[in-house]
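Residue numbers (my numbering): 3 to 292.
Cβ coordinates follow ideal geometry from the N, Cα and C atoms, glycine included.
Encoded as structure tokens, the structure appears first; notes follow it.
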């Protein structure tokens, strides 16, 4: 599957970047580069989590999971946000230590080059992962893309700080920019956490998605009496939708079945991966329940 292949690409790219940053961080003595190596290590862990969560979530429903395995992606996304937040805290701690006990940075231009190489690789891979994540509504892939793209911004920030340190000799900039990067990473993790965690509470689809569903239903309004009890929720990359459809009592079972199939087909055209359940009610049933 495409998303699995992209997750593997992310694992390989992150492994290379972690090794590169760690070696150069030790050589230069830059806390910002070492912090970036730790950040990239967490990206690597996130990529591995995303790989396995996508594989699990793509399994078909079974006896123990009759609604599928989609929420494994939401769990994965939540774990990844925690890792991002931890990375931010670690970078702040290391940066404060650098402010209290400044040490000279060796060969800063090597650090600049490495940071820019890492940023370029992660930007390219991150864009690919984000595109696939958006196309499939995969929370795990979207979380992984955020890891990669935040790494781009932080790597560029470190490159700028190293360049300024080499030009001005102000080693304090290394730590200050490290703190700024950490705060940005933590902010992004909070936003991603909301997106990953809320589906675990069976939160409904977005207002835009609900509007799309309702527009499909209204396009068939001449063929049914009304619809009610529309419910939605997201599970990983899947959307679950169910509602009651009140039909004329004169409509045959075959006609009702054909109408429901048409409605389902049209909803599938506007959503990525919907699972739809329609409960059909005859018109006289509505009158009896009134």
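Which residues bound the alpha helix (DSSP H) around residue 273? Counting along the chain, residue 273 falls outside any alpha helix (DSSP H), and DSSP gives it neither H nor E.
Do you know how far the Cα of residue 189 is from the Cα of residue 292? In this prediction, residue 292 has a pLDDT of 48, which is less than 50 and means its spatial position is unreliable; nothing more can be read from the coordinates.
Taking Cβ positions, are residue 52 and residue 9 nearer each other than 8 Å? yes
Quick one: what's got a C-beta closer than 6 Å to residue 124's C-beta in the same chain, skipping five residues either side? 150, 153 and 154
Quick one: measure Cβ to Cβ for residue 108 and residue 176, integer angstroms, because I've assumed they're closer than 8 Å. Not confirmed; about 12 Å, so no contact.
Taking one C-beta from the stretch 264-283 and one from the stretch 215-226 each time, how about it: are there three or more such pairs within less than 8 Å? yes
Starting from residue 2, follow the beta strand (DSSP E) in both directions and report where the run begins and ends. One cannot answer for residue 2 here, as it falls past the ends of the chain, which runs 3 to 292.
Would you report the Cα separation of residue 172 and residue 34, rounded to the nearest angstrom? 14 Å
Sequence-distant residues of the same chain with beta carbon closer than 6 Å to residue 24, five excluded per side: 39
Relative to the alpha-carbon of residue 240, which residue among 30, 14 and 62 has its alpha-carbon at the smallest distance? 62
With 16 other CB atoms within 10 Å as the buried threshold, where does residue 208 fall? exposed
Spatial neighbours of residue 281 within its chain, please: C-beta separation below 6 Å, excluding the five flanking residues on both sides. 246
Just checking: is the beta-carbon of residue 178 within a distance shorter than 8 Å of some beta-carbon in chain B? Among the chains of the structure shown, chain B does not appear; only one protein chain is present.
List in chain order: all unbroken alpha helix (DSSP H) runs of 4+ residues lying wholly within the stretch 35-118. 73-102
Sequence-distant residues of its chain with Cβ nearer than 6 Å to residue 27 (five each side left out): 35, 36 and 39
Between the stretch 119-133 and the stretch 8-22, are three or more C-beta pairs nearer than 8 Å? yes
Taking residue 90 and residue 184 to be in contact with their CB atoms under 8 Å, please state how far apart those CB atoms are, rounded to whole angstroms. 4 Å
CA-to-CA distance, residue 65 to residue 258, given in whole angstroms: 30 Å
Considering only the alpha carbon of each residue, which of 286, 226 and 211 lies closest to residue 271? 211
Based on Cα-Cα distance, which residue from 234, 249 and 6 lies nearest to residue 275? 234
Anyone know if the C-beta pair for residue 230 and residue 277 falls short of 8 Å? no
Take the Cβ of residue 136 as the centre, count every other Cβ of all protein chains shown within 10 Å, and call the residue buried at 16 or more, exposed below. exposed
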